Structure formats: C-alpha cells, structure tokens
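In our numbering, the protein residues as written are 15 to 378.
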Amino acid sequence: MKATEPRKVLISDFGDDERFTIATNLSAMIQTAFCFYHTMLKHEGKDRLIGFVDSIDIIKRLGEKLCDAERRQNLYRLRIPDQKLERNSNQACPHVACKHLPPNPYTNRCQVYEDGECWWTMQENDLDPMDIHIHKSGTSLDCAGDLVHSDEWNLMITTSALEVGFDHPAVIGTFQYMAPMNIPGFVQRIGRGGRSPSDMPVAVVVLGSRPLDSFYFHHQTILTHPSEDKLLIPIDPENQHIMKMHITSFLYDFISTYGTYHDVDACYKYLDTEETVRFVSERKNQYIRDVAKTFGIPDSEVQKHWTAIEKYLSGCSTLLEPDRPDSSFIENTRFHPDGKSVDEICQYLVQAVTRIEMEDSNGA
C-alpha cells in the first residue's frame, strides 16, 4: 500500500471540540501495523510480526507513536466488529447482521465496514493490546523505554540489525516501512517470516510519498518477483577501503589455518598483539603468498598492507606511562578470566583518559 501526501485532517472528539492534525506517512504505517496484527490469522506458535525501517530516527518515532496508539489509547478497539463478537464497545458499529458472514452491499450493507472502519476478521484473541519491542544498536526496549531480555513480544520493530540470521519460528508476518534501500536486503527481510516449509507468511510494504516510493508503487513486481539481475549485489573488487578490511580479517584466518589452539587463543581470544605480530613475521613469506593469491594483488601491495597492520598492532604495546614498564595499553586492557575484572579495566581506561586530557591541557 502507499501512504498519501501529508495532509491536514479535522478531528472530532465526539463532542463540540474539533481540532486539526497532520496525517503523515507514519500515520499510515501505524494504522497498518495494528490492523496487520489484530486481523491476521493466528495459530499456536505462529502469531508474531517483525517490522523493518531504515533509520534510527524512524524506528524511535514509529515505536513511540505505535506504542501510544496501541497500548495507551487502544485505537484498534474502534474497529472491533461488535455484532460478530457480540460486544458493545464500538460506537460506530451499526450492528447489522454479520455474525457468520462479512457485510455485503447487496444483503447486509454496512457503510462502516465498506469505509474500512470495521475489521470483521478480528477474533476474541485479537482484543488484547500487543506487546511491542524495539530493537536497535544491539539492544531491545519495551514501550516504556526499558531494556528487555525476554522473548515476550508480539511485534518487533527493527532496522537491518535483524535482517539476516534472525530465525524466530513464531514470526509469520513482516512489514517494510518506506521503499527498501535495495532488493537483496528486502528479500532477506521478508524471509524472516515463515521459516518452516509449511508456513504461509504474509509480507506488507507501506510506501511513502517520496519519488522512490512512487516508483515501487507503480513497479510492484520488482519487489514481489524480482529478476535475477535485481538480486545481484554490486561489488567493486578494486575498492581499496573494502580490500583493506578483508585483508585485515584474513590475518586471523591465516592464524587459525596455520596456528595451534594456543596461537588462536592468544591472538584472537586474548588479543595479544605482540604474539600476532610474532606469528605472522615468522611466516611472512607464506602470509604474503596467501594474501596475494586470495586477493589477486602483487606481493609488493601485500607488503604495504602488512606494514600498516604491523605498525598498528605494535602501537598497541607502546607505553602509556614512561615510568611504568608494565603499563602498555594491551596489558592493562586485556581481559583474562583469572586477571583484572571488567570494572578494573574500565576504571583504568577512565584514569588513563583523564590523565592524558590533563597533560594536554597543561601543555596547552
């Protein structure tokens, strides 16, 4: 679906008070989110949604406003099909005969239903407000903004953080707010729902009013049935920034390939930079050949990369306090199970930074 352009809307509070508000793209997403959850077919263990947005700002605003609309104001209750559920809480429900079949314009016409203000598919188990979690920057928050570590949620709103590798068996529906940044990422996102071969997942896209949103609205098959060329991830093998990161990561692949368990623990687990430099230096020719062959670059280029890496790793062992020979950065910040505690390491870092700042200010 596509949201309309932001517009001014007159609101009536069922009395003499009337006021104007602005209906934004976010308003359409909020309506869609709680309509999606409260009207979808739920089965035991298949009853959760995960929604994706593409910025920290949007996830904060969507999370706060959806929590307010869902849990504080219970706005979804304005669409309860009273006649079907034999209730009396929806003031707009005209109570036409619709218990077994939805309203029909020829037999039991209901203008409220035709206007989309009655969600006839709601069941008794749809009447409770959903628990909403917001996942960003590696942490999950509830509607009160508190950190949560439980798995008790009905809707998870997140960014690309859960785009890959999040395989919750209860997720049966996904939604995307605004046009996706790329097609491969979008395919990964809708793939978070319905992980079992027998599942029938549902994916919803709420487009905005930007040019890119309009493009996808008029070319929906790019999202629903993308061609192979749309799924290709553009990679520039000549990108030096990416190559530097991969060569640095390759360093630890090299250690795990040719080293012992002791070497791997020392270099990777305990971040012993001196041991890392020593290990590679002793096998320098082999390292250069492997990197050159893997990345298709000349030996001289590999040597330049290794020189930069070696300089950085060696810098981690420089002394922070000249009068203390045991005060290298790596020794004071490396964690050992039987050594310094995390609190002691944090305290040391705070003291070191404070001392350096004081020295800089005195020098100035």
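Glycine included, each C-beta is placed from N, C-alpha and C at the ideal position.
On a predicted model such as this, the values are computed, not experimentally measured, just so you know.
Can you tell me the Cα-Cα spacing of residue i and residue j, whole angstroms?
{"i": "cysteine 330", "j": "glutamate 315", "result": "24 Å"}
{"i": "alanine 359", "j": "glutamate 324", "result": "Going by the sequence as given, residue 359 is isoleucine instead of alanine. For isoleucine 359 and glutamate 324, the distance between alpha carbons rounds to 25 Å."}
{"i": "glutamine 254", "j": "tyrosine 301", "result": "19 Å"}
{"i": "methionine 192", "j": "lysine 98", "result": "34 Å"}
{"i": "aspartate 304", "j": "asparagine 196", "result": "34 Å"}
{"i": "asparagine 299", "j": "isoleucine 249", "result": "29 Å"}
{"i": "alanine 280", "j": "isoleucine 311", "result": "29 Å"}
{"i": "asparagine 118", "j": "aspartate 227", "result": "33 Å"}
{"i": "proline 164", "j": "methionine 214", "result": "Looking at the sequence shown, residue 164 is not proline but serine. So the alpha carbons of these two residues sit roughly 26 Å apart."}
{"i": "tyrosine 266", "j": "tyrosine 282", "result": "7 Å"}
{"i": "glutamine 317", "j": "arginine 297", "result": "13 Å"}
{"i": "valine 216", "j": "proline 95", "result": "23 Å"}
{"i": "alanine 106", "j": "leucine 80", "result": "22 Å"}
{"i": "cysteine 112", "j": "asparagine 102", "result": "14 Å"}
{"i": "methionine 170", "j": "glycine 222", "result": "21 Å"}
{"i": "aspartate 286", "j": "valine 67", "result": "39 Å"}
When you compare the CB positions of residue i and residue j, do they come within less than 8 Å of one another, or not?
{"i": "glutamate 166", "j": "aspartate 145", "result": "yes"}
{"i": "glycine 207", "j": "glycine 187", "result": "yes"}
{"i": "valine 23", "j": "threonine 35", "result": "yes"}
{"i": "leucine 237", "j": "phenylalanine 200", "result": "yes"}
{"i": "leucine 40", "j": "tyrosine 51", "result": "no"}
{"i": "proline 143", "j": "arginine 85", "result": "yes"}
{"i": "arginine 209", "j": "proline 183", "result": "yes"}
{"i": "isoleucine 247", "j": "threonine 173", "result": "no"}
Let's test the definition: count the other Cβ atoms within 10 Å of the Cβ of residue i and tell me whether it reaches 16, buried, or not, exposed.
{"i": "histidine 319", "result": "buried"}
{"i": "histidine 149", "result": "buried"}
{"i": "tyrosine 326", "result": "exposed"}
{"i": "histidine 147", "result": "buried"}
{"i": "methionine 136", "result": "buried"}
{"i": "valine 364", "result": "exposed"}
{"i": "glutamine 45", "result": "buried"}
{"i": "valine 218", "result": "buried"}
{"i": "proline 251", "result": "exposed"}
Among residues of its own chain, excluding the 5 on either side of residue i, which ones have a beta-carbon nearer than 8 Å to its beta-carbon?
{"i": "glycine 152", "result": "Ala175"}
{"i": "glutamate 131", "result": "Leu92, Arg93, Ala106"}
{"i": "glutamate 138", "result": "Leu99"}
{"i": "glycine 273", "result": "Cys281, Phe293"}
{"i": "glutamate 289", "result": "Asp277, Ala280, Cys281"}
Grab me the residues of residue i's own chain with a C-beta within less than 6 Å of its C-beta, minus the 5 sequence neighbours each way, in chain order.
{"i": "aspartate 337", "result": "Any reading at aspartate 337 is ruled out, since the residue's pLDDT is 47, under 50, leaving its predicted position unreliable."}
{"i": "aspartate 313", "result": "Ile302, Ala306"}
{"i": "proline 339", "result": "Low confidence applies here, because proline 339 scores a pLDDT of 49, under 50, leaving its location unreliable; read the following figure in that light. Here the set comprises nothing."}
Looking at the strands, I want to know which residues DSSP matches up with residue i.
{"i": "methionine 170", "result": "Ile64, His147"}
{"i": "arginine 75", "result": "Per DSSP, none; premise fails for arginine 75."}
{"i": "alanine 37", "result": "Arg21"}
{"i": "glycine 187", "result": "Leu63, Val216"}
{"i": "lysine 283", "result": "Answer is none; lysine 283 lacks a bridge partner."}
{"i": "leucine 161", "result": "Leu155"}
{"i": "leucine 221", "result": "Lys16"}
{"i": "histidine 57", "result": "Lys60"}
Verify the CB distance criterion: does residue i have a CB-CB separation below 8 Å to chain C?
{"i": "isoleucine 204", "result": "Checking the listed chains, one finds no chain C in this structure; it contains a single protein chain."}
What do you reckon, is the C-beta of residue i under 7 Å from a heavy atom of the ligand ATP?
{"i": "asparagine 139", "result": "As for the ligand ATP, it is missing from this structure, which has no ligand bound."}
Starting from the C-beta of residue i, find all residues in its chain whose C-beta is less than 7 Å away, skip the five residues before and the five after it, and write them out in chain order.
{"i": "lysine 244", "result": "Ile197, Ile236"}
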